[in-house]
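Quick note on numbering: my numbering labels position 142 of the sequence shown as 487, and the sequence is numbered without any gaps. Data first, discussion second: the structure below is written as structure tokens.
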Amino acid sequence: MKVLCLGGGPAGLYFAISMKLRDPSHEVTVLERNKADDTFGWGVVLSDDALGRMERNDPQSTAAIRANFAYWDDIAVIHHGQRTVSGGHGFAGIGRMKMLLLLQERARELGVDMRFQTEFRSAEEYRHDYDLVVAADGINSLVRKEYEQHFRPDIDMRLCKFIWLGTHQKFDDAFTFIFEPTEHGWMWMHAYQFDGDTATAIVECTQQTWDAWGFEDMSKEETIATCERVFAAHLGGNALMSNASHLRGSAVWMNFPRVICERWHHENVVLMGDAAATGHFSIGSGSRLAFDSAIALAEYLHSEPTMEQAFERYQEERRMEVLRLQSAARNSLEWFEQCERYLDMDPVQFNYSLLTRSQRISHENLRLRDPDWLRQAEDWFQAKAGGTPGRAPMFAPFRLRDMELVNRVVVSPMAQYRAVDGCPTDWHFAHYAERAKGGAGLLYTEMTCVSPEGRITPGCPGLYAPEHEAEWARLVRFVHAETAAKVCCQIGHSGRKGSTQVGWEDADRPLPDGNWEVMSASAVPWSPANQVPRAMTRADMGRVTAEFVAAAEMAERAGFDMIELHAAHGYLLSSF
Numbered sequence: 346m347k348v349l350c351l352g353g354g355p356a357g358l359y360f361a362i363s364m365k366l367r368d369p370s371h372e373v374t375v376l377e378r379n380k381a382d383d384t385f386g387w388g389v390v391l392s393d394d395a396l397g398r399m400e401r402n403d404p405q406s407t408a409a410i411r412a413n414f415a416y417w418d419d420i421a422v423i424h425h426g427q428r429t430v431s432g433g434h435g436f437a438g439i440g441r442m443k444m445l446l447l448l449q450e451r452a453r454e455l456g457v458d459m460r461f462q463t464e465f466r467s468a469e470e471y472r473h474d475y476d477l478v479v480a481a482d483g484i485n486s487l488v489r490k491e492y493e494q495h496f497r498p499d500i501d502m503r504l505c506k507f508i509w510l511g512t513h514q515k516f517d518d519a520f521t522f523i524f525e526p527t528e529h530g531w532m533w534m535h536a537y538q539f540d541g542d543t544a545t546a547i548v549e550c551t552q553q554t555w556d557a558w559g560f561e562d563m564s565k566e567e568t569i570a571t572c573e574r575v576f577a578a579h580l581g582g583n584a585l586m587s588n589a590s591h592l593r594g595s596a597v598w599m600n601f602p603r604v605i606c607e608r609w610h611h612e613n614v615v616l617m618g619d620a621a622a623t624g625h626f627s628i629g630s631g632s633r634l635a636f637d638s639a640i641a642l643a644e645y646l647h648s649e650p651t652m653e654q655a656f657e658r659y660q661e662e663r664r665m666e667v668l669r670l671q672s673a674a675r676n677s678l679e680w681f682e683q684c685e686r687y688l689d690m691d692p693v694q695f696n697y698s699l700l701t702r703s704q705r706i707s708h709e710n711l712r713l714r715d716p717d718w719l720r721q722a723e724d725w726f727q728a729k730a731g732g733t734p735g736r737a738p739m740f741a742p743f744r745l746r747d748m749e750l751v752n753r754v755v756v757s758p759m760a761q762y763r764a765v766d767g768c769p770t771d772w773h774f775a776h777y778a779e780r781a782k783g784g785a786g787l788l789y790t791e792m793t794c795v796s797p798e799g800r801i802t803p804g805c806p807g808l809y810a811p812e813h814e815a816e817w818a819r820l821v822r823f824v825h826a827e828t829a830a831k832v833c834c835q836i837g838h839s840g841r842k843g844s845t846q847v848g849w850e851d852a853d854r855p856l857p858d859g860n861w862e863v864m865s866a867s868a869v870p871w872s873p874a875n876q877v878p879r880a881m882t883r884a885d886m887g888r889v890t891a892e893f894v895a896a897a898e899m900a901e902r903a904g905f906d907m908i909e910l911h912a913a914h915g916y917l918l919s920s921f
């Protein structure tokens with residue numbers, strides 16, 4: 346097979362290696378615009394799982410990479426001047442340049458034709474001369490743009506600004522997160538060692554902080570000097586360095602683009618690495634995605650009967666894996682985008698929030714990683730919450746203004762569709778009483794409607810008639826007398842999703858007969874199958890407001906401990 350890789354980064358080089366390992370007769374060429382020893386970025390991180398897959402694919406290159414790794418087990422978080430350390434995380438870092446040189450050496454041994462300082466503008470000019478063209482041309486892929494109508498990329502530019510720097514300050518004992526307040530807002534650094542002398546230092550901040558500093562008008566040198574001042578206490582007199590020589594001024598700052606393509610192949614052109622999908626640097630998955638995709642495509646090209654079948658399997662399996670990783674990466678990057686809301690937390694709570702941000706690391710997984718640290722965090726939590734030491738956090742009490750919950754277990758709203766003319770029945774009494782007897786601290790009603798027209802279905806309960814108030818009061822009295830639970834009444838109005846069938850019939854579809862008029866913010870139906878609502882007038886708004894007030898007053902008289910306003914799911918309030 347005659348193969349061309351457009352891009353000589355980790356994805357392109359490792360795919361070339363993987364193809365030659367499976368069949369030395371393949372003619373594999375790699376085109377790279379940069380010099381062999383010229384790259385942007387600093388260190389990359391690989392997990393033990395990623396290294397295991399690489400070792401099974403090519404023990405020789407993996408051994409060379411392992412020999413140049415900087416290893417660390419701990420994560421350190423510096424916040425409000427306090428350094429908190431937890432262990433058991435198992436990372437390995439290597440300089441991006443060193444890794445590329447090792448991959449180049451291995452590719453050269455296997456007979457890959459590597460052509461550096463070679464520009465390419467289009468895959469179309471090559472694809473008729475090769476059996477396979479792999480577009481591994483990075484996050485700003487020209488090939489992805491060239492065939493945009495076929496690949497159908499979804500690119501989401503994220504909110505924070507970041508700059509990828511290096512330093513000779515040692516961070517060799519832990520992957521370190523540093524959060525520093527400045528006169529213009531918070532800035533933070535992701536720092537980790539990748540060789541004996543150098544560490545990566547990614548500086549990040551919100552757009553608002555970036556604007557307030559005036560980074561847009563600074564030169565690259567001014568930007569770096571500013572970052573050095575902000576993090577001076579952690580740099581030990583060492584400078585911050587940039588190796589993005591091709592960028593000038595504020596262009597050294599980036600917004601992270603989350604990329605995912607609907608299709609990964611077109612004709613004989615296949616996307617790989619960041620060209621196909623990106624993983625946010627805060628969970629260190631970019632290189633892993635590149636290596637895993639390279640291994641997978643090489644394997645499928647040799648195991649599937651046809652190239653088209655290999656492409657389809659590659660797209661199906663890798664895209665699903667990427668979506669799983671991107672889900673964790675999205676959770677992580679959104680945590681950093683919103684981290685200013687957490688920065689007033691106690692350092693223990695802040696560290697716990699940071700460690701679990703991706704939702705890949707659970708409470709019990711933290712116990713496996715560092716049981717001593719988690720035990721201390723649990724003791725801190727129980728002391729703050731007024732709970733009993735040693736008891737699981739979910740059973741600690743919780744206070745919300747004047748309402749004291751015995752634990753943090755909440756029974757969420759569950760629609761029953763068993764009301765008669767809006768009135769709860771014995772079914773509701775049995776259902777809610779049983780849940781309260783189960784020991785939950787807080788029990789929610791299903792959405793309780795403020796008027797007959799505000800019901801979703803004929804089976805939905807309400808709070809708009811005296812008999813409704815009486816039945817809810819009977820339930821609340823029982824719960825308060827026989828259990829420790831509190832009860833929340835969730836009130837709402839269905840809006841344009843009203844007058845529909847109950848859940849076990851044709852859900853969200855109009856009634857076969859006996860429909861009532863629905864209204865909403867505008868005359869736009871919930872779906873083509875639903876009624877067209879009447880656009881509300883100012884008089885309608887006043888009447889519905891009064892209905893909400895009346896329902897809230899009924900809920901208070903019935904003895905509910907809490908009222909929640911339903912403003913989601915396409916119902917009335919969410920339509921405005």
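A virtual CB, placed ideally from N, CA and C, is assigned to each residue, including glycine.
When DSSP builds the beta bridges, which residues end up paired with residue i?
i           : result
residue 393 : The partner list for residue 393 (beta bridge, DSSP) is empty, contrary to what the question assumes.
residue 550 : 506 and 532
residue 614 : 478 and 611
residue 408 : None, per the DSSP bridge assignment.
residue 563 : In DSSP, residue 563 forms no bridge with anything.
residue 347 : 372
residue 745 : 748
residue 524 : 533
residue 290 : What is shown of the chain runs 346 to 921, which leaves residue 290 out entirely.
residue 738 : None; residue 738 has no bridge partner.
residue 603 : 501
residue 840 : Beta-bridge pairing links residue 840 to no other residue.
residue 908 : 834
Between which two residues does the alpha helix (DSSP H) containing residue i stretch?
i           : result
residue 416 : Run containing residue 416: none in the alpha helix (DSSP H); it sits in the beta strand (DSSP E), 415–417.
residue 460 : No alpha helix (DSSP H) holds residue 460; the beta strand (DSSP E) holding it covers 458–460.
residue 888 : 883–902
residue 355 : 355–367
residue 697 : 692–700
residue 488 : 487–491
Between which two residues does the beta strand (DSSP E) containing residue i stretch?
i           : result
residue 706 : Unbroken run through residue 706: none, as it is neither H nor E.
residue 628 : Neither: residue 628 is in no beta strand (DSSP E) and is coded neither H nor E.
residue 923 : Lying before the first or after the last residue shown, residue 923 is absent from the chain, which here runs from 346 to 921.
residue 440 : 436–440
residue 722 : Note, residue 722: premise wrong, no beta strand (DSSP E); alpha helix (DSSP H) at 716–730.
residue 831 : 831–837
residue 431 : 427–431
residue 918 : Residue 918 -> no beta strand (DSSP E), and no H or E assigned at all.
residue 776 : Looking at the DSSP string, residue 776 is not in any beta strand (DSSP E); the run it does join, the alpha helix (DSSP H), is 771–782.
residue 914 : Neither: residue 914 is in no beta strand (DSSP E) and is coded neither H nor E.
On the criterion of 16 or more Cβ atoms from any shown chain inside 10 Å, does residue i qualify as buried, or is it exposed?
i           : result
residue 618 : buried
residue 399 : buried
residue 286 : No answer is possible for residue 286: it lies beyond the span of the chain, which begins at 346 and ends at 921.
residue 502 : exposed
residue 498 : buried
residue 861 : exposed
residue 921 : exposed
residue 435 : exposed
residue 500 : exposed
residue 827 : exposed
residue 648 : exposed
So, under 8 Å CB-CB, residue i and residue j are touching, yes? Tell me the CB distance rounded to an integer number of Å.
i           : j           : result
residue 780 : residue 756 : 5 Å
residue 536 : residue 516 : 5 Å
residue 795 : residue 777 : Not quite, the Cβ-Cβ distance comes to about 20 Å (not below 8 Å), so this is no contact.
residue 384 : residue 445 : 6 Å
residue 439 : residue 389 : 6 Å
residue 671 : residue 608 : That belief does not hold up - the Cβ atoms of residue 671 and residue 608 are roughly 16 Å apart, past 8 Å.
residue 348 : residue 479 : 7 Å
residue 754 : residue 742 : So it is not a contact: roughly 11 Å between Cβ atoms.
residue 837 : residue 864 : 14 Å between Cβ atoms; not a contact.
Report yes or no: do three or more beta-carbon pairs, one from the stretch 842–850 and one from the stretch 789–802, lie closer than 8 Å?
-> yes
Specify whether the stretch 688–700 and the stretch 391–408 touch according to this definition: at least 3 beta carbon pairs, one from each stretch, less than 8 Å apart.
-> no
Taking one C-beta from the stretch 703–720 and one from the stretch 630–640 each time, how about it: are there three or more such pairs within less than 8 Å?
-> no
State whether the stretch 349–359 contacts the stretch 479–497, with contact taken as three or more CB pairs (one from each stretch) at a distance under 8 Å.
-> Result yes; three or more Cβ-Cβ pairs closer than 8 Å.
Are at least three pairs of beta-carbons, each pair with one atom in the stretch 675–692 and one in the stretch 620–628, less than 8 Å apart?
-> Output reads yes: the stretch 620–628 touches the stretch 675–692.
Spell out a yes or no on whether the stretch 533–548 and the stretch 517–525 are touching, meaning 3 or more CB-CB pairs, one atom from each, closer than 8 Å.
-> With the cut-off at 8 Å, the stretch 533–548 and the stretch 517–525 touch.
Is the stretch 867–882 touching the stretch 829–846, taking contact as three or more C-beta pairs under 8 Å?
-> Put simply, the stretch 867–882 touches the stretch 829–846. At least three CB pairs are less than 8 Å apart.
Say whether the stretch 851–866 touches the stretch 810–826, bearing in mind that this needs 3 or more beta-carbon pairs closer than 8 Å, one atom from each stretch.
-> no
Assess, as a yes-or-no matter, whether the stretch 467–474 is touched by the stretch 544–553 under the definition of 3 or more beta carbon pairs within less than 8 Å.
-> no
State whether the stretch 450–467 contacts the stretch 562–581, with contact taken as three or more CB pairs (one from each stretch) at a distance under 8 Å.
-> no
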